[in-house]
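Asker: Heads up, the sequence shown is in our numbering, so the first residue is 2 and it goes up one at a time.
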Amino acid sequence: MLSIASLFIALPTLIYGQSQPSQVVADRDRATDDSLQRLFEEVGRLRLNSGHELRTVLARSADDELAFRSAIRGKCQSWRPYWHPRGPIEVDAWMPISALDSTLASVIQQKLKRLDGQPEMTITWARSNPPAVLATGRYLASSSLGNEQPGWRHCSLWQTNLASKAAAADARAVMLIRTGYCKVSGGSELGFVLHEEPKLRAALSSLLNRVPVGDPVFEPTGVCRVDMKLTQPELLRLLQEASQAVEGLKQPTLLRSVELAASETLTAEGYAVAPPVPSMHSPPLKKMTGLERPDWADRFLVVQGAGKAPSDTTDEASRSDWAERAAHIEAHRQLWMQIEDLPLESGETVGLRMTKDARLTSAMSSLGGFITGTGEPLHADDGAVTVSIGVHLQIVWRILSSIDQTG
């Protein structure tokens, strides 16, 4: 008997140096890392009520983005891995917008709060945003990847090298900005001098590219971090070498000395994310599975339900509470009716297939963990309440195809 617990699982806890008990587990983890990276990309495209995409807001602070990625990784849900015969392993990472909204507020709460304590920015419920975000990660077992670093197990060596080079370039760009706050001879800021002397700035940037950086750190969130340090004597040497490479400086005497802004050493951090892995096997060939993937598997099904409190309920708060409960019951009833009416290639419906297979009925009961609200309840003047709920139908298809695989 296929148990519900074996179907609905959380994303595995990833630990540096974690041993892999079998190749199957390792393949699953590689697909999981790919699904997380794709989920981060999908979440970044969501729009805030300010009109900006979330990724543009998080990009203003590396600390905020790292914290947000870590929170998403800990809170998102996943359906159990799906193995295509002679094809890739697939893992779905899933998270409702409401959970993303609360995560965003909790991670960068101080920056999102106005003086009255209300959120200044939240993930909107606009039509451009789906009720939930779902991303599918894939790994082909024959790929023979050797990377065992959590968050990067779906990447090849050249991809991690690419990320470390990008993080190093980011660190050097940040260092160039940091040097601008240093004081040169006469008390001027170096940034002002570099603005007046663009050729000097270009020469200094070129020299910074030769300065070694620290070893890359690959975070489980799919972020590569590189540190860079520069002492006062090192910066002075770079400035003098840059000035010698540029002819016709307006004030060459300004670069005879340099004073760091805060401490004896300038530090900078650069970041880069795991590069996208091409989905070479998406969508899978129809002949690779016994159950053909239906068109509706790419949809997010949303339904509404309305309800009223019992007529003998007199307390206003209780009436609202009972009405909302009734609305949720009706919405779930409508949702299940539409799920059962979904057509299959064989000419059957999902509901008819459930009546023939007790295992499918049992497995479908775990679908409740993926049903999410898609907006705030609407209260009418007559006391009626309307709620909207939805579910991504790919999860329904996963359940169906998993049962089909087991025969």
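In this text, a Cβ means the ideal position worked out from N, Cα and C, and glycines have one as well. Keep in mind the model is a prediction, meaning the values are calculated, not measured.
Is it right to say alanine 359 is buried, meaning 16 or more other beta carbons lie within 10 angstroms of its own, or is it exposed?
Answerer: Taking the sequence shown and counting its residues from 1, the one referred to as residue 359 is at position 358. Exposed.
Asker: Taking the straight line between their C-alpha atoms, what separation do you get for proline 285 and tyrosine 83?
Answerer: Counting from 1 along the sequence shown, the entry for residue 285 is found at position 284. Counting from 1 along the sequence shown, the entry for residue 83 is found at position 82. Here the model assigns proline 285 a pLDDT of 44, short of 50, so the residue's position is not dependable and the matter cannot be decided.
Asker: Which residue marks the beginning of the alpha helix (DSSP H) containing leucine 240, and which one marks its end?
Answerer: Along the sequence shown, one-based indexing puts residue 240 at 239. Where leucine 240 is concerned, the enclosing alpha helix (DSSP H) stretches over 233-246.
Asker: Taking the alpha carbon of alanine 63 as the point to measure from, which residue in Glu270, Gln245, Glu248, Leu105 has its own alpha carbon closest?
Answerer: Mapped onto the sequence shown, residue 63 falls at position 62. It is Glu270.
Asker: Who are the near neighbours of methionine 176 in its chain, counting only those whose CB is closer than 7 Å to its CB and skipping five residues on each side?
Answerer: Within the sequence shown, numbered from 1, the residue matching residue 176 stands at position 175. Hits under 7 Å: Leu209, Met229, Leu231, Leu267, Ala269.
Asker: Look up serine 389 in the DSSP assignment and give the residues it is bridged to.
Answerer: Indexing the sequence shown from 1 puts residue 389 at position 388. Answer is Gln305.
Asker: Quick check on the DSSP output: what are the complete alpha helix (DSSP H) runs of length 4 or more inside the segment 29-114, in order along the chain?
Answerer: Counting only runs of 4 or more, we get 55-59, 63-76, 98-108, 110-113.
Asker: In the segment 297-375, which residue ranges form an unbroken beta strand (DSSP E) of at least 3 residues, counting only runs that do not cross its ends?
Answerer: Fully enclosed beta strand (DSSP E) runs of 3 or longer: 301-308.
Asker: In this structure, how does DSSP classify glycine 192 when only helix, strand and coil are distinguished?
Answerer: The residue you call residue 192 lines up with position 191 of the sequence shown. If DSSP states are grouped into helix, strand and coil, glycine 192 belongs with the helices.
Asker: Please look up how many angstroms separate the CB atoms of leucine 135 and tryptophan 95, rounded, as I've assumed it's under 8 Å.
Answerer: Here the question's residue 135 lines up with position 134 in the sequence shown. Here the question's residue 95 lines up with position 94 in the sequence shown. With a Cβ gap of about 5 Å, leucine 135 and tryptophan 95 count as contacting.
Asker: Does the segment 250-262 come close enough to the segment 190-198 to have 3 or more Cβ pairs within less than 8 Å?
Answerer: Yes, they touch.
Asker: Can you grab the Cα-Cα spacing for the pair glutamine 150 / alanine 381, in whole Å?
Answerer: On the sequence shown, position 149 is the one that residue 150 refers to. On the sequence shown, position 380 is the one that residue 381 refers to. Rounded to the nearest angstrom, the two C-alpha atoms are 53 Å apart.
Asker: Which value, in whole angstroms, describes the spacing of the CA atoms of glycine 374 and isoleucine 390?
Answerer: Locating residue 374 in the sequence shown gives position 373, where the first residue counts as 1. Locating residue 390 in the sequence shown gives position 389, where the first residue counts as 1. The straight-line gap from Cα to Cα measures roughly 4 Å.
Asker: Can you say whether tyrosine 272 is buried or exposed, counting buried as having 16 or more other CB atoms within 10 angstroms of its CB?
Answerer: On the sequence shown, residue 272 is found 271 positions in, with the first residue counted as 1. Under this definition tyrosine 272 is a buried residue.
Asker: So, does the segment 347-354 touch the segment 315-334, judging by three or more C-beta pairs under 8 Å?
Answerer: Because the criterion of three Cβ pairs below 8 Å is not met, the segment 347-354 and the segment 315-334 do not touch.
Asker: As a quick exercise: from Arg399, Pro217, Ala275, Pro213, pick the residue whose alpha carbon is nearest that of cysteine 156.
Answerer: Translated into positions along the sequence shown, residue 156 becomes position 155. It is Ala275 whose Cα lies nearest to the Cα of cysteine 156.
Asker: In whole angstroms, what is the alpha-carbon distance linking cysteine 77 and serine 312?
Answerer: Taking the sequence shown and counting its residues from 1, the one referred to as residue 77 is at position 76. Taking the sequence shown and counting its residues from 1, the one referred to as residue 312 is at position 311. Looking at the two C-alpha atoms, the distance is approximately 40 Å.
Asker: Using three-state DSSP, classify glycine 181 as helix, strand or coil.
Answerer: Taking the sequence shown and counting its residues from 1, one reaches residue 181 at position 180. DSSP places glycine 181 in coil when its eight states are reduced to three.
Asker: Excluding the five sequence neighbours on either side, which residues of its own chain have a C-beta within less than 8 Å of the C-beta of leucine 379, listed in chain order?
Answerer: In the sequence shown, residue 379 corresponds to position 378, counting from 1. The answer, listed in chain order, is Val386, Thr387, Val388.
Asker: So leucine 302 and glutamine 335 are supposed to be a Cβ contact under 8 Å. How far apart are they, rounded?
Answerer: Along the sequence shown, one-based indexing puts residue 302 at 301. Along the sequence shown, one-based indexing puts residue 335 at 334. About 10 Å separates the two Cβ atoms, so there is no contact after all.
Asker: Under a three-way DSSP split, which group does alanine 170 fall into?
Answerer: In the sequence shown, the residue the question calls residue 170 occupies position 169. Of the three classes helix, strand and coil, the one that applies to alanine 170 here is helix, per DSSP.
Asker: What residues match up with valine 224 in a beta bridge as DSSP calls it?
Answerer: Taking the sequence shown and counting its residues from 1, the one referred to as residue 224 is at position 223. Paired residue(s): Val274.
Asker: Starting from leucine 201 and walking both ways along the alpha helix (DSSP H), at which residues does that stretch end?
Answerer: As a first step, residue 201 must be located in the sequence shown, where it is residue number 200. 199-209 is the extent of the alpha helix (DSSP H) around leucine 201.
Asker: Specify, as a first and last residue, the run of the beta strand (DSSP E) that glycine 138 falls within.
Answerer: For this step, residue 138 is matched to residue 137 along the sequence shown. 133-140 is the span of the beta strand (DSSP E), which, as asked, contains glycine 138.
Asker: Excluding the 5 residues preceding and the 5 following asparagine 130 in the sequence, name in chain order all residues of the same chain whose CB lies nearer than 7 Å to its CB.
Answerer: As a first step, residue 130 must be located in the sequence shown, where it is residue number 129. The residues are Leu47, Arg48, Ile98, Ile124.
Asker: What's the C-alpha gap between glutamate 91 and threonine 137?
Answerer: Counting from one through the sequence shown, the residue named residue 91 turns up at place 90. Counting from one through the sequence shown, the residue named residue 137 turns up at place 136. Each residue's alpha carbon lies about 6 Å from the other.
Asker: Taking the beta carbon of glycine 306 as the centre, do at least 16 other beta carbons fall within 10 Å, making it buried, or is it exposed?
Answerer: As a first step, residue 306 must be located in the sequence shown, where it is residue number 305. Under this definition glycine 306 is a buried residue.
Asker: If we call anything under 8 Å between Cβ atoms a contact, is valine 108 one with alanine 72?
Answerer: Against the sequence shown, residue 108 aligns to sequence position 107. Against the sequence shown, residue 72 aligns to sequence position 71. Contact flag set, yes.
Asker: Using a Cβ-Cβ cut-off of 6 Å (strictly less than) and excluding sequence neighbours within five positions of glutamate 43, which residues of its own chain qualify?
Answerer: Stepping through the sequence shown from its first residue, residue 43 is reached at position 42. The answer, listed in chain order, is Val134, Ala136.
Asker: Looking at C-alpha atoms only, which residue of Ala32, Ala327, Leu261, Asp299 is the closest neighbour of histidine 85?
Answerer: Taking the sequence shown and counting its residues from 1, the one referred to as residue 85 is at position 84. Taking only the C-alpha atoms, the option nearest histidine 85 is Ala32.
Asker: Have a look at Asp35, Cys225, Arg354 and flag the residue whose alpha-carbon is nearest the alpha-carbon of leucine 146.
Answerer: Within the sequence shown, the letter at position 145 stands for residue 146. Among Asp35, Cys225, Arg354, the Cα nearest to that of leucine 146 is on Asp35.
Asker: Can you give me the Cβ contacts of serine 23 inside the same chain, cut-off strictly under 8 Å, excluding the 5 residues immediately before and after it?
Answerer: Locating residue 23 in the sequence shown gives position 22, counting from the first residue. With a pLDDT of 42 at serine 23, under the threshold of 50, the predicted position of this residue should be treated as unreliable, though the coordinate-derived value follows. Within the same chain, serine 23 has no close Cβ partners at all.
Asker: Do valine 214 and alanine 243 have their beta-carbon atoms positioned less than 8 Å apart in this structure?
Answerer: Locating residue 243 in the sequence shown gives position 242, counting from the first residue. Locating residue 214 in the sequence shown gives position 213, counting from the first residue. No, these two residues do not count as a Cβ contact at 8 Å.
Asker: Could you tell me the distance, in whole angstroms, from the CA atom of serine 402 to the CA atom of proline 221?
Answerer: Taking the sequence shown and counting its residues from 1, the one referred to as residue 402 is at position 401. Taking the sequence shown and counting its residues from 1, the one referred to as residue 221 is at position 220. Using only the alpha carbons, I get a separation of about 30 Å.
Asker: Determine the DSSP secondary structure at leucine 261, reduced to helix, strand or coil.
Answerer: For the purposes of this step, residue 261 is taken as the residue at position 260 of the sequence shown. Three-state DSSP puts leucine 261 in coil, outside helix and strand.
Asker: For methionine 229, list the residues DSSP reports as bridge partners.
Answerer: Locating residue 229 in the sequence shown gives position 228, where the first residue counts as 1. Methionine 229 pairs with Ala269.
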